[in-house]
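Everything below concerns the one structure shown next.
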């Protein structure tokens, strides 16, 4: 290293030494200033502390002093007791005392303290040392030095936990009271001392009177009080105002907004101040219109009951617990031939009266003994019979009256059953007579319960079934009617009996010896005295011979139908064979005329015309024979047909029973169609309606409605109706209405074909035991 470099380094080192000394001097001066400042702050704090020491030590509320960073510098005894900290032994920062949910609010308040120098009425929650939560009220201010610089903060902290709880409890009570008032079914109001207006009204009173709350607050009590009740109502209000009374209860009438009047029970209570003056009046108004109406009805009912008791057809005598008469009626006096007035009987000792009246009965001593026996037992007695000397028979009933386990009296009733007993004997005789008829008639009679168990049979049924009465009683019908068909049908019909339905049906059964029989059963529900279905009664007729004839008839009809088909086919063949030579003759005549045109004289031409006419007649005759042999086939003849005329002719030729009325609601139209088939259409439907009307008064109503393209006809009856399960099949299969093989189904099939031929539709609306309505349309 050169000498120049060494010199340069020495000069640099010297400069650094001088700079360090200058920095140390500046640091020393700043340290001195800081020390002096610290001493002044301590002096100022001591000064302030000495000034506030007396207040600080003696105030009741907690006093807190903290530095600007929130560190607690001073607690008085109240603060130590409130927060639980001993700040001489432990450090506490105010932020640790603030409740977590109030921290944001605390920061805003401290910011207000910093900027304004104070805050008032700070209320928040704080934690104590034991983590107990308390509500506090704080007024705080900054502590300033001589230069108005904030050096600390102080505050008075008041524990308002109990006050807060009381306020919350008071608020809860207030809310609960408000809920009770607003939801009370009784009207509640608060009015001024002079009744000049309503200050507060609950919803029940608003609903009761029909006015809005605003309207009611402008009204006086007399504005809603009925004029006839205002007099005594005002007198009570005046007594309240004068101090004579503090409250009153009254029932009076009020007038609603819509003018309706209702009765209400009103309770008014005065709220007085310490000077005894009325500040407010509280009124409760309860609508008692229904209660008053019920009371009036009760009084009216009691009057009617009293009148009814006095005029009952049974003798009544009511005794109290001491056997004194408290109530009787005219019939009692009449039955026992008592001439004393009813009012004179009240209070009489019944045991004495019994001794006095026993001479009226055939066995006087037994009458008294039985009465004393019944009275001693104090148990209900029904149907005691008493025979009097004059031949009357009385039925006596006894009913003890007990309230809350204590005897309060006894009710005796006496009824003249002389005629009833005579009727009973007559009824028993009639019963025996009809039992003899049932036992010996040729119709099998069976009674079953709802479980299909046999309760009673007559001799004819035993003979029909081959079983003895002992073998049948208590047995299920399924054990007697062995075929599955019979068991199923009878089960279905018995279910109908339970619903109150009755009708007739056929079953195929196997009797005891194994023979197969056909029975016609007519069943009806059996009712008890309360009108409940308890089973059914069936009348059985053996139709085996009739059924055999019917089967033979069906076979004959089947053969006849086959023969008719063969005959019709033969007629077509014969017709064709007969018409062929006629057409040949007609052709030959035409050729002869053509070949000899101009050569034939007038007589020859006339003869040829006669031949042609005769040929036409013969051909028509053959066609008529074919038509006759094809009865029932469809034709398409179309002409104007007056349906009114057809209906009139039908009613003339049909057999209509006297109990059935046929009427037409509207005039029937004239339509184009086949007159014969239209007549057959109406005839089949009307005949069907007549056949199935089972009411004492029957009706058949015919109506028509005119639509743009067609007419809609209806034929309605009140007959037995058709089960809905057959509705869809009624026009497609034979015998859909009835299992007996009559022509009903065939007739309806023809009806369907005729309607189809006239480009229409047909349907029905029917219900069992209600009737049937056939609807059909025909093209115009």
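Residue numbers (this note's numbering): 208 to 987. Note that the Cβ used here is the ideal one computed from N, Cα and C, for glycine as well.
- Message: I believe residue 897 touches residue 863 by the beta-carbon criterion, under 8 angstroms. Please report the beta-carbon distance rounded to the nearest angstrom.
- Response: 6 angstroms
- Are residue 545 and residue 535 touching if we call contact CB-CB under 7 angstroms? no
- Complete runs of the beta strand (DSSP E) confined to the region 882-960 [at least 3 residues]: 905-913 and 917-924
- How would you write the range of the alpha helix (DSSP H) that residue 701 sits in, first residue to last? 691-705
- Task: Go ahead and pull the three-state DSSP assignment for residue 838.
- Result: With a pLDDT of only 46 at residue 838, under the threshold of 50, the placement of this residue in the model should not be trusted; the figure read from the coordinates follows. Looking at residue 838 - three-state DSSP - the assignment turns out to be coil, as it is neither helix nor strand.
- Message: Per DSSP, what are the beta-bridge partners of residue 973 in this structure?
- Response: 979
- Query: Based on the DSSP output, what are the partners of residue 488 in its beta bridges?
  - Reply: 398 and 477
- Query: In or out: residue 528 buried (at least 16 other Cβ within 10 Å) or exposed?
  - Reply: exposed
- Excluding sequence positions up to five away, which residues of its chain have a Cβ less than 8 angstroms from the Cβ of residue 569? 594, 595 and 596
- Query: If you draw a straight line from the alpha carbon of residue 675 to that of residue 669, how long is it in whole angstroms?
  - Reply: 5 angstroms
- Item | Uninterrupted alpha helix (DSSP H) stretches inside the region 407-468 (no shorter than 4 residues) | 410-416, 420-424, 428-431 and 434-449
- Query: Do residue 744 and residue 733 have their CB atoms nearer than 7 angstroms?
  - Reply: yes
- Item | Proximity to residue 871 [Cα-Cα], best of 333, 379 and 924 | 924
- Give every residue of the same chain whose Cβ lies closer than 7 angstroms to the Cβ of residue 578, excluding the five residues on either side of it in the sequence, and list them in chain order. 561
- Is it true that the CB of residue 519 sits closer than 7 angstroms to the CB of residue 538? yes
- List the residues that DSSP assigns as beta-bridge partners of residue 514. In the DSSP output, where bridge partners are listed per residue, residue 514 has none listed.
- Item | residue 553 burial status per 10 Å Cβ neighbour count (16 or more: buried) | exposed
- Exposure of residue 920, with buried meaning 16 or more beta-carbon neighbours within 10 Å: buried
- Query: Counting pairs of Cβ atoms below 8 angstroms between the region 269-284 and the region 364-381, do you hit three or more?
  - Reply: yes
- If we call anything under 7 angstroms between Cβ atoms a contact, is residue 1029 one with residue 291? No answer is possible for residue 1029: the residues shown for the chain start at 208 and end at 987.
- Supposed contact pair residue 487 and residue 399 - C-beta distance, whole angstroms, cut 8 angstroms: 7 angstroms
- Determine the direct distance from the alpha carbon of residue 958 to that of residue 951, and round the result to whole angstroms. Confidence is the limiting factor: at residue 951 the pLDDT is only 49, short of 50, which leaves the residue's position unreliable, though a coordinate-based value still follows. Those two C-alpha atoms are separated by around 11 angstroms.
- Query: What are the start and end residues of each continuous beta strand (DSSP E) run of 3 or more residues lying completely inside the region 536-617, in chain order?
  - Reply: 588-594 and 600-610
- Query: Applying the criterion that 16 or more other CB atoms from any shown protein chain within 10 Å of the CB defines a buried residue, is residue 845 buried or exposed?
  - Reply: exposed
- Please classify residue 946: is it buried, with 16 or more other beta-carbons within 10 angstroms of its beta-carbon, or exposed? The pLDDT assigned to residue 946 is 40, lower than 50, so where the model puts this residue is not dependable, and the model offers no usable value.
- For residue 416, which residues from the same chain have a beta carbon less than 8 angstroms from its beta carbon, with the 5 sequence-adjacent residues on both sides left out? 394, 423, 431, 461, 463 and 464
- Item | Cβ shell of residue 489 (< 7 angstroms), same chain only, five flanking positions each side left out | 397, 476 and 478
- Item | Selected residue, minimal CA-CA separation from residue 313, among 710, 294 and 277 | 277
- Which ranges would you report for the alpha helix (DSSP H) in the region 736-821 if only whole runs of at least 4 residues count? 751-802
- Where residue 405 falls: helix, strand or coil (DSSP): strand
- Of the residues 633, 681, 547 and 938, the one placed nearest residue 653, counting alpha carbons only: 681
- Message: Would the region 619-635 count as touching the region 653-667 if we require 3 or more Cβ pairs under 8 angstroms?
- Response: no
- At what residues does the alpha helix (DSSP H) containing residue 289 begin and finish? 284-290
- Item | Three-state secondary structure (DSSP) of residue 321 | helix
- Residue nearest to residue 602 in terms of C-alpha spacing, selected from 625, 501 and 433: 625
- Residue environment, residue 700, which counts as buried when at least 16 other CB atoms sit within 10 Å: buried
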